[in-house]
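In my numbering, the protein residues as written are 286 to 715. Beta carbons are placed, not taken as given, at the ideal position from N, Cα and C, and that holds for glycine. Just below is one structure, and these are the notes that go with it.
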Ligand code: ATP
Ligand code: MG
């Protein structure tokens, strides 16, 4: 019986075995896709110094202001935070280990992130991301490549109905000019600003544009745009990204209000969104962050990256009716009698040597009860060893899926027969 007092933390989910199969399939697919673009895996700690995120993400952001799980290390008083995102840690690791010395890096990571948010569908306190970072690349080619990568992944996963929004945030000087114009503009409308926006007016007015408060949409739409402030290089960069997207037939929409939640972005930003997950419609987001490496203590170097939310992607696949794939089990091994028991475990080990996936029945019970387990296991076939079979050095092979008669087989031929069965069942999926 479940104990109601001991439960997982709200917003932090168990992923049970049936669903975990879907995660495994997803992770395999994603790994192949990343390798096709030459990205290499990096694994960072889940906990980092709080100062890293404050410096990288920015003090006046949702994440740093209200979403971080921060605590004092009880043993030495260090201020630590469960990572709310991966870019800051990834850049920290690359700098700490001199990965950028002389060579740009294409890196990816995958794992849990932690944000103290109000849990709802598609929004959790522990969630999982695949993050992709190209460090040391300046040109629009890599921005576009990352967007094309995403388009390829959606196709590979069979995800439909996602659309691409892009924008440019320009460079520091342009953002500074724009910032002053925004402050002047919003100061004329202070009465309409909500508490968040009022607080951000002089610290991070760009974020006001990101607000979803319906009461503020009208003044947000009328706010001065950044496009007018952009300098020639930033315009050329943005146009070059678009030209590559067009050449590859990737449809996009320019959304001048796409500013992203974190301070470190500049120039290209993008989001892939769907209307099919309610308010939590952004499945993947990213952009260029040329200032971040210097910001956290490295020699200045340009970079571009994105992260996708695994829960949201899987929710989209499930919306489309995707079933959790079963575990690919070849054999359920049923046995009874002392000699048979001994033989069964050796047979199981031998079949595993040949690369087959076997569940050896454990815990005894009647043949009938064991066969019921075999039927429910999803295995391709049952191998049955009773006293009769054991004496004769044989086993009974019973196909469980895709038809076929059961037959007695010499143990020496068992592996061969199972492989034949696997071959025909692949050609005739049920
Ligand atoms: P949102 O606007 O939905 O809060 P965000 O801008 O905070 O998203 P990012 O920091 O860009 O999100 O993270 C990249 C992706 O990670 C998001 O597009 C989303 O798919 C996923 N993600 C972010 N926060 C959560 C969360 N709390 N639960 C589940 N997925 C999340
Ligand atoms: Mg958020």
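With a cut-off of 8 Å on Cβ pairs, the stretch 405–412 is in contact with the stretch 287–305, counting three or more such pairs. Beyond the five residues adjoining it in sequence on each side, residue 455 comes within less than 8 Å, by CB distance, of 463, 511, 514, 515, 516, 519, 551 and 552 in the same chain, given in chain order. Excluding sequence positions up to five before and after residue 498, its CB lies within less than 6 Å of the CB of 479, all in the same chain and listed in chain order. Taking the Cα of residue 600 as reference, the smallest distance to any Cα among 561, 592 and 576 is reached at 561.
Excluding sequence positions up to five before and after residue 541, its CB lies within less than 8 Å of the CB of 452, 510, 511 and 512, all in the same chain and listed in chain order.
The DSSP-derived three-state label of residue 395 is strand. Nearest Cα to residue 391 within the set 319, 687 and 364: 319. Per the Cβ contact rule, the stretch 621–631 is not in contact with the stretch 432–445 (fewer than 3 Cβ pairs under 8 Å). In this structure, the straight-line span from the alpha carbon of residue 692 to that of residue 616 is close to 15 Å. Within the DSSP secondary-structure output, residue 505 pairs in no beta bridge.
Each residue's CA atom was taken as its position, placing residue 681 and residue 666 some 10 Å apart. For residue 708, the secondary structure class from DSSP, reduced to helix, strand or coil, is helix. Straight across, the Cα-Cα distance linking residue 359 with residue 366 is about 13 Å. A straight line joining the alpha-carbon of residue 376 with that of residue 355 spans about 20 Å. Its chain contains 693, 694, 695 and 696 as the residues whose beta carbon lies nearer than 7 Å to that of residue 679, once the 5 sequence neighbours on both sides are disregarded; these appear in chain order. Ranked by how close their Cα comes to the Cα of residue 640, the residues 653, 613 and 662 have 613 in first place.
The stretch 644–651 makes no contact with the stretch 595–611; the number of CB pairs closer than 8 Å stays below 3. Remark: the C-beta of residue 674 is outside contact range of the ligand ATP, defined as less than 7 Å to any heavy atom.
Per the coordinates, the alpha-carbon of residue 439 lies some 28 Å from the alpha-carbon of residue 331.
Per the C-alpha coordinates, the member of 398, 578 and 655 positioned closest to residue 381 is 578. Residue 448 sits in a strand when the DSSP states are folded into three classes. If the five residues before and after residue 307 are omitted, its C-beta is found closer than 7 Å to the C-beta atoms of 599, 609 and 610, all from its own chain and listed in chain order.
Cα atoms of residue 343 and residue 352: separation of roughly 13 Å, rounded to the nearest angstrom. Counting only unbroken stretches of 4 or more residues, the alpha helix (DSSP H) elements lying wholly within the stretch 507–577 are 517–532, in sequence order. Comparing alpha carbon positions, the residue from 397, 710, 576 and 401 closest to residue 458 is 576. A residue is called buried once 16 or more other Cβ atoms fall within 10 Å of its Cβ, and residue 301, having fewer, is exposed. The nearest non-hydrogen atom of the ligand ATP is 7 Å or more from the C-beta of residue 604. Proximity to the ligand MG was defined by a C-beta distance below 6 Å to any of its heavy atoms, and the residues meeting it, in sequence along the chain, are 347 and 546.
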